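Structure follows, in structure tokens:
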């Protein structure tokens, strides 16, 4: 009887470990990307100051060489959009992968349409906020 309890505990522990590692990879990588972009923007902003030290300039140049792929396609105040795109991709892949487990194809299609709809709404809201910030600056 003790062997059975021990086996169940180890199975639950393995399941918990696998689930947490997958969750960390799926949610942690976009969040890590956001932190890297946010810290890099402030580093580059400080580097542009008049009396920036040579060490700070080297760190900013090193950041640009390593991570420019993540943020160079965006305006300075919209670099976080890469994280939104990553979460959208995660949602679509999750629906495509786990939607078949639901057993109802219609539900999978509805979830996919909902993910696309939310992506469009997020995009339109971000464009609206950008336009509002531009008009209030004038």
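In our numbering, the protein residues as written are 2 to 139.
Where is the CB? At the ideal position from N, CA and C, for every residue including glycine.
This structure is a prediction, so every number in the text was calculated from the model and none was measured.
- Under the criterion of beta carbons closer than 8 Å, residue 35 and residue 81 qualify as touching, at roughly 6 Å.
- Of the residues 89, 60, 26, the one whose Cα lies closest to the Cα of residue 112 is 89.
- Taking the Cβ atoms as the reference, residue 71 lies roughly 17 Å from residue 60, outside the contact range of under 8 Å.
- When 23, 28, 22, 24 are compared, the shortest CA-CA separation from residue 87 is found for 28.
- Our two residues, residue 47 and residue 129, have alpha carbons roughly 29 Å apart in a direct line.
- By a beta-carbon distance limit of 8 Å, residue 92 contacts residue 116. Their separation comes to about 5 Å.
- In the three-state scheme derived from DSSP, where H, G and I count as helix and E and B as strand, residue 29 is classed as helix.
- Short of 6 Å from the beta carbon of residue 120, and not among the five residues preceding or following it, lie these beta carbons of its own chain, in chain order: 89.
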